[in-house]
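Engineer: In my numbering, the protein residues as written are -1 to 181. Glycine is no exception: its CB is placed at the ideal position from the N, C-alpha and C atoms.
Structure follows, in structure tokens:
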């Protein structure tokens, strides 16, 4: 059953991600599910820059050296680094915020999978993930506000267009012979 799905997250992982502030593919959170629009990309860029500019991001800026760690690909199936995430963002490959957060989450998970708990890179991943989660909450709030603001303004436009005064009606020329419309 899991192999037939596009994306499978075990129940434990789903609970852990939700607890960490990440949303699963089935989540109903509007900022996570909504398609990113042009106004959202500066927010996502800010999120990436918050992580990439941090002094503890040095291990994640470039791919892991396979010369230095020849067994890396035996342990980490889907390697990713900040340069890949940046390129995807530049190419507008992220359709939804959840796509971006999935890559960021994988970055941190890969570090914890490969490096021992007492390793500097493991600790950098933990620190950066906390910073990312905090910034992600702010970005989600901004995107939700935009989405909800748009919905409100659209409904107000519809409501106000139905609620007009008679003095707003266009003057109709009454010189028209009404019998002209009779069959």
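(1) By the 10 Å Cβ neighbour count, where 16 or more other Cβ atoms means buried, how is residue 100 classified, buried or exposed?
(2) Which residues does DSSP list as the beta-bridge partners of residue 94?
(3) Distance, Cα to Cα, residue 119 vs residue 57?
(4) Alpha carbon to alpha carbon, how far is residue 27 from residue 131?
(5) Report all residues from its chain with a CB closer than 7 angstroms to the CB of residue 113; omit the five preceding and five following residues, and keep chain order.
(6) Could you check which residue in 39, 32 and 65 has the C-alpha nearest to that of residue 89?
(7) I need the straight-line Cα distance from residue 134 to residue 45, nearest angstrom please.
(8) Can you give the beta carbon distance from residue 111 to residue 74, rounded, assuming they're within the 8 angstroms contact cut?
(9) Could you check whether residue 79 and residue 68 sit closer than 9 angstroms to each other, using their CB atoms as the reference points?
(10) For residue 109 and residue 123, which I take to be in contact (beta-carbon distance under 8 angstroms), what is that distance rounded to the nearest angstrom?
(11) Who are the near neighbours of residue 37 in its chain, counting only those whose CB is closer than 7 angstroms to its CB and skipping five residues on each side?
(12) So the alpha helix (DSSP H) residue 72 belongs to, where does it begin and stop?
Structural biologist: Well, looking at it:
(1) buried
(2) 33
(3) 6 angstroms
(4) Low per-residue confidence applies at residue 27: pLDDT is 49, beneath 50, and the placement is therefore not dependable enough to give any value.
(5) 119 and 120
(6) Closest by alpha carbon: 39.
(7) 7 angstroms
(8) 6 angstroms
(9) No, the Cβ-Cβ distance between residue 68 and residue 79 is not below 9 angstroms.
(10) 4 angstroms
(11) Taking residue 37 as the centre and dropping the five residues before and after it, the same chain places the C-beta of 144 closer than 7 angstroms to its C-beta, in chain order.
(12) 70 to 73
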